[in-house]
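Only one structure is covered here, and it is reproduced in the block below.
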Amino acid sequence: QLQACGGGLVQAGGSLRLSCTASGDIFKINAMGWYRQARGKERELVATIIKVGYTVYADSVKGRLTIARDNAKNTVYLQMNSLKPEDTAVYYCNAGGSSYNRGRSWGQGTLVTVSS
């Protein structure tokens, strides 16, 4: 199971850090990632990270969002800086896929709202 937290309301230009903690040992999981779904849109990839540290980012977030994982804490993070109103969405943690494909395990989602 994946438990995500850290969402909230922030002004444009602000920062948030999302966390996703797994009930099991994420060291065994190759790829973990964050996806988001804005109202009326499909769920899209935000960032993924595999065990060796290779990361993939959506073009829209490069240079502003950073994904990291702490295997000892069974946690994956998404540091979100320079947030824009278009970043507003429900963010979901994902595990078990690959760098470019979502896995079967999802967290419950955490809402990020960026006001202009």
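Residue numbers are given in this note's numbering: position 4 of the sequence shown equals residue 1024, and the series is strictly consecutive. A virtual CB, placed ideally from N, CA and C, is assigned to each residue, including glycine.
Assigned with DSSP and collapsed to three states, I1046 falls in helix.
Judged by beta-carbon spacing, A1078 lies beyond the 8 Å limit of E1062, meaning their Cβ atoms are not closer than that value. Put simply, the backbone Cα of V1030 is about 15 Å away from that of L1098. Linking T1041 to G1116 through their CA atoms gives a straight-line distance of about 14 Å. Contact between T1108 and A1058 is confirmed by a C-beta separation of about 6 Å, below the 8 Å threshold.
A residue is called buried when at least 16 other Cβ atoms come within 10 angstroms of its Cβ; N1114 meets this threshold and is buried.
Put simply, of Q1021, A1092, D1045 and S1035 the residue whose alpha carbon is nearest the alpha carbon of T1133 is S1035. In the DSSP assignment, R1122 falls outside any beta strand (DSSP E), carrying neither H nor E. Here the region 1079-1096 makes contact with the region 1044-1053; the two share three or more CB pairs at distances below 8 Å. A distance below 7 Å between beta-carbons, with the five flanking residues on each side excluded, links S1119 to the following residues of its chain, in chain order: A1051, T1068, I1070, Y1074 and V1076. Take the alpha-carbon of R1089 and the one of A1024: they are about 13 Å apart.
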